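In the working numbering, the protein residues as written are 130 to 384.
Just so you know, even glycine gets a beta-carbon here, dropped at the ideal spot from N, CA and C.
Quantities reported herein were computed from a predicted structural model and do not represent experimental measurements.
Here the structure comes first, spelled out in structure tokens, and everything after it is commentary.
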């Protein structure tokens, strides 16, 4: 396959942590389904690009769209196929998509666009979009206005190195983009409720640059996260906690 390939942190981390990813990552707010249904009509053909294990795909299917998924990491494709056996999922990277011109009414990138935020990938996305079609970008982000989540974020940032991350904002430098109208943003409230081990420890261990670490270093990260949970009054001794998130949804029309 031609194209830019897969970043080493994504290839290594997600190959090891596909099950942790599926288990630990939050879902999406109910309101996002309504937002999508205003932009994707029943029967339209949609590409779920960087689909991972398919945590976002159910929302696309709920619009009535015909969905095709692209995911370059084999372990993630296996998880996707188990979750959505009726949806085709192919091995493809964003700057070498094996589809005809104007093949899709929408290309959706949930938790993925920062991995391939290059002009070549954006040009390829524009090629497979029909005029008037939508590029849709989605990210779930912990609400770091909550002090203990800011502390959690600091733990993770110290590990990130130069791994592409949505939080860096580097992906925004591509916009305004040739062939696209303005990038419009909507923010929605979200939350993840569950045992601390799942919604904090598993969630953070599923992050690519943590999952790519040797096992003993991963366990050290898990230890720091567990200490934070014990030292935080809102989470100490709790069997179930609520982690607040902000879901950012972006749309740019192909012109």
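Legend entry - Cα-Cα separation, residue 326 to residue 355: 8 Å
Legend entry - Chain-order list of residues whose beta-carbon lies under 6 Å from that of residue 370 (same chain, five-residue window excluded): 325 and 364
Legend entry - Nearest candidate by alpha-carbon position, reference residue 332, set 189, 260, 178 and 350: 350
Inset, instruction - Could you pull out every residue in the same chain whose Cβ sits closer than 8 Å to the Cβ of residue 195, ignoring the five residues on either side in sequence? - result: 172, 173, 174 and 175
Inset, instruction - Determine, using beta-carbon pairs with one atom in the region 209–229 and one in the region 269–276, whether at least three such pairs fall under 8 Å. - result: no
Inset, instruction - With a floor of 3 residues, list each beta strand (DSSP E) that falls wholly inside the region 192–231, ordered by position along the chain. - result: 195–199
Legend entry - Straight-line gap, residue 236 to residue 360 (C-alpha atoms, nearest Å): 42 Å
Inset, instruction - Measure the CB-CB distance between residue 308 and residue 255 and report whether it falls below 8 Å. - result: yes
Inset, instruction - Specify whether the region 311–320 and the region 154–165 touch according to this definition: at least 3 beta carbon pairs, one from each stretch, less than 8 Å apart. - result: yes
Legend entry - Contact set for residue 245: own chain, Cβ-Cβ below 6 Å, skip 5 residues either direction: 223
Inset, instruction - Could you tell me whether the Cβ atoms of residue 161 and residue 188 are closer together than 8 Å? - result: yes
Inset, instruction - Would you mind reading off the limits of the alpha helix (DSSP H) that contains residue 297? - result: Counting along the chain, residue 297 falls outside any alpha helix (DSSP H), and DSSP gives it neither H nor E.
Inset, instruction - Look at residue 219 and residue 204 and say whether their C-beta atoms are less than 8 Å apart. - result: no
Inset, instruction - Give the C-beta separation of residue 264 and residue 383 to the nearest angstrom, bearing in mind that I take them to be a contact with Cβ-Cβ under 8 Å. - result: 7 Å
Legend entry - Nearest neighbour of residue 164, chosen from 344, 267, 230 and 231 [CA to CA]: 267
Inset, instruction - Kindly list the residues whose CB is nearer than 6 Å to the CB of residue 295, restricted to its own chain and excluding five residues on each side of it in sequence; keep chain order. - result: 243 and 268
Legend entry - Residue interval of the beta strand (DSSP E) (run including residue 264): 258–271
Legend entry - Anticipated Cβ contact below 8 Å, residue 280 with residue 357, distance rounded: 6 Å
Legend entry - Buried or exposed by the 16-neighbour rule on C-beta atoms within 10 Å, applied to residue 346: exposed
Legend entry - Selected residue, minimal CA-CA separation from residue 178, among 211, 374 and 228: 228
Legend entry - Sub-8 Å separation of residue 336 and residue 270 beta-carbons: no
Legend entry - Candidates 180, 212, 185 and 323: closest to residue 202 by CA position: 180
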